[in-house]
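These notes are about the structure you will find just below.
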Amino acid sequence: MLVKTYSAAVNGLEVTTVTVEVNITRGVMFHLTGLADTAVRESKDRIVAAMANTGFKFPVADITINLAPADLKKEGSSYDLPLAIGILAANEKLHNEHLSEYMLVGELGLDGRLQPIRGALPIAIRARAEHFKGLIVPKQNIREAAVVNNLNVYGMETLSDVIQFFNGQQGFEPTVIDTRREFYEQQSHFDLDFADVRGQENVKRALEVAAAGGHNLIMVGPPGSGKSMMAKRLPGILPPLSLAESLETTQIHSVAGKLSRDTSLISQRPFRSPHHTISQVALVGGGTNPQPGEISLAHNGVLFLDELPEFNKSTLEVLRQPLEDRKITISRAKYTIEFPCSFMFVASMNPCPCGYYGDPTHQCVCTPGQIQRYLNKISGPLLDRIDIQVEITPVPFKDISKAAQGEPSANIRERVIRARHIQEQRFAGYKGIYCNAQMTERMIHQYAEPDESSLALLRMAMERLKLSARAYNRILKVARTIADLEGSEKVQSQHIAEAVGYRNLDRGDWAERGI
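Residue numbers for the sequence shown follow the numbering used here, so the first one is 9 and each next one is one higher.
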């Protein structure tokens, strides 16, 4: 008897419907075709044990299973459930008249319980697009998959539950989640607040400008000056995620298996901070079974690299193309996968190997050659993609004790949202351009062209401070953001002056000075 069930193959964020064809005839052989990997081929052993512990016998017959399309590689253990249901239906142990209406995914434990799988959200989106009546997933994935409306999503605990569902022996209700209510309820809560940061007003201002324009930023300062502390508070002043951004971000985390059981949608911008020992594959994605890397997990959020010179130089260099294109294409002999990676790049570093160059309270023990070699670990092309470069000095204890509480993140966030709203209106006619940091050179001349006095100030600053040519466009982008924060239609001289102050590492003498 021939029976068909339906499942899905996840490759990157692309999902393909897989037809599981099960044919049972007289004999004693088991055949599994359709370019299945080791985890799929091992499914027979799990299915045999799960059926036995559920009260069913694995049929002694000639079983041929085809996973179509046969030329698409099938990976992972999520095919256990559709394979088991197909075998039972072909062996006439359950009714098969409704099998074509549902997509099934789930890994089987030996006791018959369903184990969670990766990629439940993009699979649910595909099931709706293919006009399936419903989707059956492990109960641990139910909140993630039920985000998709106009699709009946059922969370099952055991293989026995699925059998009873198709046999109509027990009523099961689809899970319904009020996506928008949950999404907006969780957006406004942040554990870290800029109100806890005393002093460092110039750095907080730089972070505000970076958040308002989506600019990449690097902080240079000695240990204990607050670089990491302030970077971790950056998500609290970024504009809230839109529902579309949240859905896209959640899909990436779903494919990577990073969603917790209680999570339906990611409602806050991601903040990823990998250790400096991270490999290239872990950073950008890939591997034998391609998975998103840290840059994709930071999509629509922040990627923070602490102690930037400690990262492997070749690892840092792979960031250059994603920072420009806001997507990463991973090409291997057997596959090509594309993941989105539109993130704010934030980094911190010490000014020298010992960390205390320029610190008024500690003496630096590094030689000029050591300082220059340390700073040269960060290549010019990578620095070229960082709009804001700010120096930090530690706040003395007497000033910390006397300083008033800082401005709350909520107040800063309001100004950032207003500036982003201006940019959304400005770039409404452009595809893929949402903030000032993404402006092309033509758009810079159109929207950030300085007047004569501002241009004269910029020319003088570039000559006197020995700024490199690459700094010109960066300064204009940042100046446009500063003007947006003030609600100014034109880029004026004070905006240019502040933007020039954020190009410390671009000064012609920065390598000799060590900062």
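Every residue, glycine too, gets a C-beta built ideally from N, C-alpha and C.
Between which two residues does the beta strand (DSSP E) carrying THR489 extend? It is not in any beta strand (DSSP E) - THR489 instead sits in the alpha helix (DSSP H) that spans 479-494.
Please determine, among ALA264, ASN297, PHE198 and ARG206, the residue with the shortest C-alpha to C-alpha distance to SER567. What the structure shows of the chain is the stretch from 9 to 523, and residue 567 is not part of that stretch, so it cannot be assessed.
By DSSP's criteria, HIS39 is part of a beta bridge. Which residues make up the other side? THR72
In this structure, how does DSSP classify ILE524 when only helix, strand and coil are distinguished? Shown here, the chain extends from 9 to 523; a query on residue 524 therefore has no answer.
Nearest to ALA456 by CA position, among GLU471, ALA469, LEU246 and TYR480, is which residue? TYR480
Comparing C-alpha positions only, which one of MET352, PRO458, GLU22 and THR13 sits nearest to PRO330? MET352
Report the three-state DSSP secondary structure of LYS342 (helix, strand or coil). coil
Excluding five sequence neighbours on each side, which residues of the same chain lie with their C-beta closer than 7 Å to the C-beta of THR72? ASN31 and HIS39
Between which two residues does the alpha helix (DSSP H) containing PRO368 stretch? Counting along the chain, PRO368 falls outside any alpha helix (DSSP H), and DSSP gives it neither H nor E.
Suppose you measure from the CA of SER462 to the CA of ARG450; what does that come to, to the nearest Å? 19 Å
Provide the residue span of the alpha helix (DSSP H) that contains TYR162, from first to last. Premise fails: TYR162 lies in the beta strand (DSSP E), 160-164, not in any alpha helix (DSSP H).
What span of residues does the alpha helix (DSSP H) with VAL56 cover, start to end? 51-60
Which partner residues does LEU225 have in the DSSP bridge list? VAL354 and ILE396
Please report the residue range of the beta strand (DSSP E) in which TYR442 lies. Neither: TYR442 is in no beta strand (DSSP E) and is coded neither H nor E.
Cβ shell of ILE420 (< 7 Å), same chain only, five flanking positions each side left out: PHE202, GLU216 and ILE245
Look up LYS327 in the DSSP assignment and say whether it is helix, strand or coil. In the sequence as presented, Lys is not what sits at residue 327; that position holds Leu. In this structure, LEU327 counts as coil in the three-state DSSP scheme.
Quick check on the DSSP output: the beta strand (DSSP E) that includes LEU313 runs from which residue to which? 310-313
Proximity winner among PRO348, ASN444 and LEU143, relative to ILE303 (alpha-carbon distances): PRO348
Label ALA16 either buried or exposed according to how many other C-beta atoms from any shown protein chain fall within 10 Å of its C-beta, with 16 as the threshold for buried. buried
Would you please state the rounded distance, in angstroms, between the beta carbons of LEU305 and LYS266? I believe it to be under 8 Å. 7 Å
Any idea what DSSP makes of TYR510, helix, strand or coil? coil
From TYR364 to TYR382, what does the alpha carbon distance come to, in whole angstroms? 13 Å
Quick one: Cα of ALA427 to Cα of HIS503, how far? 14 Å
Bridge-paired residues (DSSP) for ASN210: In the DSSP output, where bridge partners are listed per residue, ASN210 has none listed.
Looking at chain D, is there any beta carbon in it that lies within less than 8 Å of the beta carbon of ARG426? No chain D appears in the structure shown, which is made up of a single protein chain.
Spell out the partners DSSP gives VAL30 in its beta bridges. VAL11 and ILE73
Quick check on the burial criterion: 16 or more other C-beta atoms within 10 angstroms. Buried or exposed for THR13? buried
Once the 5 residues before and after ILE95 are set aside, which same chain residues still bring their CB inside 6 Å of it? VAL30
Can you grab the Cα-Cα spacing for the pair GLU115 / GLN148, in whole Å? 11 Å
What is the DSSP secondary structure of ILE504, counted as helix, strand or coil? helix
Give, in chain order, every unbroken run of the beta strand (DSSP E) that is at least 3 residues long and sits entirely within the segment 100-148. 110-112 and 142-146
To which residues of the same chain is ASP517 closer than 8 Å at the C-beta, ignoring the five residues directly before and after it? Here the model assigns ASP517 a pLDDT of 49, short of 50, so the residue's position is not dependable, and the following value carries that caveat. Cβ within range, chain order: LYS474.
On the premise that MET227 lies in contact with SER356, defined as a C-beta separation below 8 Å, what is that separation, rounded to the nearest angstrom? 5 Å
Report back the beta-carbon spacing between ASP53 and LYS82 to the nearest angstrom; my notes put them in contact at under 8 Å. About 17 Å; that fails the 8 Å criterion.
Tell me the rounded alpha-carbon separation between VAL56 and ASN297. 26 Å
When the Cα atoms are used, what is the spatial distance from GLY309 to PRO248? 10 Å
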